[in-house]
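By this note's numbering, the letter at position 127 of the sequence shown is numbered 182, and the numbering carries on one by one without gaps. C-beta: ideal position from N, C-alpha, C; glycine also.
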Amino acid sequence: MEFEEFLERFQIKLNTQQREAVQSVDAPTLLLAVPGSGKTTVLVVRLGYMIYCRDITPEKILTVTYTVAATKDMQSRFASIFGWEMAQRLEFRTINGICAKIINAYGNAIGRTPFELVTDETYRSRLLAAIYQDATRQFPTESDLQNISAKITYIKNSMLSPDEIIALGEAEDLPLYKIYRNYCETMKANHLMDFDDQMVYARTMLKKGKELREHFQEKYQYISVDEAQDTSKIQHEIIRLLSGEKDRIFMVGDEDQSIYGFRAAYPEALLHFEKEHPGARVLLMEENFRSDQKIVDAANHFIQKNQLRHPKSMFAARPGAEEVQKIDPKGRQGQYRYLLEMARSCDRETAILYRDNESILPVLDLFERAGIDYRIRNADLTFFTHRIVTDIKNIIRFAIDPKDTEVFLQIYYKMNLYMSKTTAMEACRLSVEKGLPILETALRFCRMSPGTQKNVRDAQSRLKMILHEPGNRAVYEIVHFLGYFDYMEKMHLKTNKAHILESIAKNEPNPIRLLERLDELADIIKSKAYHRDANIILSTIHSSKGLEYDRVFLLDVKDGIFPETVIRDRKRASKDDIKTYEEERRLFYVGATRAKNTLCIFDFKSNATFTTEFL
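Structural data, given as structure tokens:
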């Protein structure tokens, strides 16, 4: 079938750049697709073109997607144009789905049962908790476990060396290599593997097993890869091994939209594509069909300043109707008040987007109090179990019950008491024995220096006082007058979570009620009892990837939060710092390009680098 006949028969309309991309089949091709340019349409139509115009057997084509949901969506999109019968002959898989096939094929070939895949996160969390406690002599919080799990994923996906793992751990004052090694050894000893191990084992099998490699290269003669900018180093290598010498690979992505560095995304593969694939073609799709021209122009101007990118220039398919709105919030609290008033009369689809989940909690708190309907995407409970939040809650609990030895032993060294562990343990023992508050016991019966005695008296006085303070004042006292700020600095902990906690506490009459409210908010998020038809959507920018909204508000675009760190002089910055900063810029770019008609950004004036550059 001729190409024009194919387009007419299936009622497909493409622009010039899309037409060129659809017809690129034989040479290795990198398609750089800007936001809203119709990349999924091109991927799907190209599959149809290969089958109907190039007579390629569907079973020879593999399409790799980033998530299981994306595989189902792409198959459905294909079926809506070309029918389910043909869609079922094509293979749509995640990289883990492919790796599972490789591992099973290898096991069948040598007559051995592969390691069991651990799908129960509860088991894995228990294992990580035991290993963490053994390595650090500390009980991990849920947040600590999530951090360690993410680090293990990063290590395996980035294929880091032992020295690189040690350096990664040193940056957080964490015995990461010991934890990682013990975790891997335990999993292997129990004949278990996690999802990241699937890729490690599949890569090894493909590299070492010539027959296995040739089998899959013959099976998958044409490979399409979606969201290539979010694919990790090990995933790129697996795809490279599968594509073989024929190298009929079609990668669709955009390094300007690579925002998963914490999951080991490797956008460098796109920048080096021509070097890695001799004879490769690099094609562009630069027309944005989603957003208003004013939004597109501002976003394009902003991202052009990144250095680690292919030259490309996004343009809009439709003219601009309204300017990007810059709102002066008069402080972070002003954002929350503005959004509350907006929400009271919201009659259009409106997304409030943010960098980190914690940013939305003060807004969610206000919406709940005011009875505002909303939807929330992929919220998590990390904030409530983070070390900072746990510590401040424990200090409040100790103020409520000054005899609680378990809580005291978790916080005494975080309050600038300068009390030794021996003294703390003795004070706890004597407190139980004599039925007295721990700090009073320490002052009456333990030997301490005059300086430590003064610190204990001051803490004793302030702990009594904070119970009668408004919630936000109590948090402020704990951070700034009970020494917790010094502990955060010492441990290199970011202060934003303390600020968020103080914002939530602003609406509570005392710290006891704050503890109750935090539990209530956690239960609200756990229950996911949101209004599906609500006009207001709350989402991290990461969770909004690939989606679009009529109106978008970007929250907390403030130096120190978003971006977390600002680079003023690139010439003096390290390569790693520039890489991290440019990913922050890409995240802002992705957030801005979710808006179809209206984009609103809170402007923190001199403390808003991104807003200033964007507008």
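Alpha carbon to alpha carbon, what distance is there between residue j and residue i?
i	j	result
methionine 242	leucine 297	27 Å
serine 135	glutamate 282	21 Å
histidine 356	leucine 229	40 Å
valine 97	lysine 115	19 Å
leucine 267	glutamate 310	32 Å
threonine 126	threonine 149	7 Å
lysine 613	proline 217	36 Å
threonine 95	methionine 129	7 Å
serine 504	valine 444	31 Å
arginine 623	glutamine 362	15 Å
arginine 192	leucine 498	28 Å
proline 374	isoleucine 358	20 Å
arginine 606	tyrosine 636	26 Å
tyrosine 107	serine 79	14 Å
leucine 602	arginine 649	6 Å
arginine 587	isoleucine 579	15 Å
alanine 76	aspartate 411	36 Å
glutamate 329	isoleucine 220	30 Å
methionine 254	isoleucine 207	13 Å
lysine 660	glutamate 668	11 Å
histidine 673	aspartate 285	Outside the shown range of the chain (56 to 670) lies residue 673, about which nothing can therefore be said.
arginine 452	valine 462	8 Å
alanine 353	alanine 82	35 Å
phenylalanine 65	phenylalanine 137	8 Å
tyrosine 232	glutamate 481	35 Å
tyrosine 531	aspartate 435	25 Å
threonine 112	methionine 141	10 Å
isoleucine 450	isoleucine 533	8 Å
tyrosine 604	lysine 367	24 Å
glutamate 638	alanine 320	11 Å
arginine 517	lysine 651	51 Å
Considering just the uninterrupted stretch of the beta strand (DSSP E) at residue i, what are its terminal residues?
i	result
arginine 430	430-432
valine 307	304-308
methionine 340	336-340
serine 279	277-280
threonine 595	591-595
What are the partner residues of residue i, as DSSP defines its beta bridges?
i	result
glutamate 146	Leu117
cysteine 655	Gln380, Phe608
glutamate 171	Leu247
asparagine 343	Ala371
alanine 650	Tyr604
serine 180	In the DSSP output, where bridge partners are listed per residue, serine 180 has none listed.
serine 287	Ala320
Note the first and the last residue of the continuous alpha helix (DSSP H) segment covering residue i.
i	result
alanine 222	217-225
lysine 509	505-521
cysteine 483	476-489
methionine 543	539-545
leucine 602	Unbroken run through leucine 602: none, as it is neither H nor E.
lysine 552	551-560
leucine 573	566-582
alanine 497	493-500
tyrosine 205	The residue asked about is misnamed: residue 205 is alanine in this sequence, not tyrosine. 197-213 is the extent of the alpha helix (DSSP H) around alanine 205.
glutamine 465	460-466
histidine 332	Premise fails: histidine 332 is in no alpha helix (DSSP H) and is neither H nor E.
threonine 667	664-669
tyrosine 531	526-535
aspartate 352	348-358
So, is the C-beta of residue i closer than 9 Å to a C-beta in chain B?
i	result
threonine 259	Within the model displayed, chain B is absent; a lone protein chain is all it includes.
Say whether the region 395-408 touches the region 539-546, bearing in mind that this needs 3 or more beta-carbon pairs closer than 8 Å, one atom from each stretch.
-> no
Taking 8 Å as the threshold, find out whether the region 487-497 comes into contact with the region 522-531 through three or more Cβ pairs.
-> Look at the beta carbons and you see the region 487-497 not touching the region 522-531: under three pairs across the two are nearer than 8 Å.
Residue ranges of each beta strand (DSSP E) within the region 383-451, 3 or longer | 405-409, 430-432
Within the region 64-142, note down every full alpha helix (DSSP H) run reaching 4 residues or more, in order along the chain.
-> 71-77, 94-107, 123-137, 139-142
Please confirm if the region 205-214 is in contact with the region 285-293, defined as three or more CB-CB distances below 8 Å between the two stretches.
-> yes
Quick one: any contact between the region 79-90 and the region 324-340, if contact means 3 or more CB pairs under 8 Å?
-> Contact between the region 79-90 and the region 324-340 is present: 3 or more CB-CB pairs across the two stretches fall below 8 Å.
Inspect the CB distances between the region 380-390 and the region 650-666 and report whether three or more fall short of 8 Å.
-> yes
Does the pairing of the region 299-318 with the region 155-173 give three or more beta-carbon distances under 8 Å?
-> With a cut-off of 8 Å, the region 155-173 and the region 299-318 do not count as touching, because too few Cβ pairs lie within range.
Three or more beta-carbon pairs under 8 Å between the region 247-254 and the region 167-181, yes or no?
-> yes
If we count Cβ pairs, one from each stretch, closer than 8 Å, do we get three or more for the region 461-472 versus the region 624-635?
-> no
Can you find at least 3 beta carbon pairs, one from the region 543-553 and one from the region 562-578, that sit closer than 8 Å?
-> no
Cβ contact (3+ pairs, closer than 8 Å) linking the region 590-600 and the region 419-435 = With three or more CB-CB distances shorter than 8 Å, the region 590-600 counts as touching the region 419-435.
Stretch-stretch touch, CB-based, cutoff 8 Å, three pairs: the region 436-453 with the region 472-485 | By the Cβ test, the region 436-453 is not in contact with the region 472-485, since fewer than three Cβ pairs between them sit closer than 8 Å.
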